[in-house]
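>
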Amino acid sequence: MAESFSISGIHHVTLVVGDLEAARAFYGKILGLVPIDRPNYEFEGAWYACGDIELHLLLAEEHADPSRRHLAIAVDNFDECITSLRCAGVGIVGGPGVRPHNSRSFAFCKDPAGNLLELSGPPK
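Residue numbering for the sequence shown follows the numbering used here, beginning at -17 and increasing consecutively.
Printed below as a string of structure tokens:
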């Protein structure tokens, strides 16, 4: 089924944290990840480069919805990917849309275990 699109790698991993300063100290100072520019979202967070993959840290309340945790997969043929997933009976639970800060197409779906996946297309 995946012949109509290809996955080129992992774009980013998003983790939800309760203490942003402690997370910055751990990922930035202890692990040595390099901070990168972050879009001006309405929620607090920090973005880091981890090789070619980005780590996105989101500040959340203690009882925040865990659905913000996700793995973002970079796909080369975004539209074909969405079509293939829908044909396979996979529901799209967010998007599709285009992010204004980087012009990437995106959509969210869930794997059979309920894990949230973001599909991230190349910039338009």
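Every residue, glycine too, gets a C-beta built ideally from N, C-alpha and C.
Distance, Cα to Cα, residue 74 vs residue 11?
The count along the sequence shown starts at 1 and reaches residue 74 at position 92. The count along the sequence shown starts at 1 and reaches residue 11 at position 29. Each residue's Cα considered, the two are about 37 Å apart.
> Over what stretch of residues does the beta strand (DSSP E) that includes residue 86 continue unbroken?
Translated into positions along the sequence shown, residue 86 becomes position 104. Where residue 86 is concerned, the enclosing beta strand (DSSP E) stretches over 86 to 92.
> For the beta strand (DSSP E) that residue 64 lies in, which residues bound it at each end?
As a position in the sequence shown, residue 64 is number 82, starting the count at 1. Element bounds for residue 64: not the beta strand (DSSP E) but the alpha helix (DSSP H), 60 to 69.
> Counting only runs that start and end within the stretch -4 to 57, where is the alpha helix (DSSP H) found for 4 or more residues in a row?
The stretch -4 to 57 contains these whole alpha helix (DSSP H) runs: 2 to 6.
> According to the neighbour-count rule (16 or more other Cβ atoms, all chains shown, within 10 Å of its Cβ), is residue 42 buried or exposed?
In the sequence shown, counting from the first residue as 1, residue 42 sits at position 60. Buried: at least 16 other Cβ atoms inside 10 Å.
> Assuming the contact rule is C-beta atoms closer than 8 Å, residue 76 and residue 90 should be a hit. Round their C-beta distance to whole Å, please.
Numbered from its first residue, the sequence shown carries residue 76 at position 94. Numbered from its first residue, the sequence shown carries residue 90 at position 108. Correct: roughly 3 Å between the Cβ atoms.
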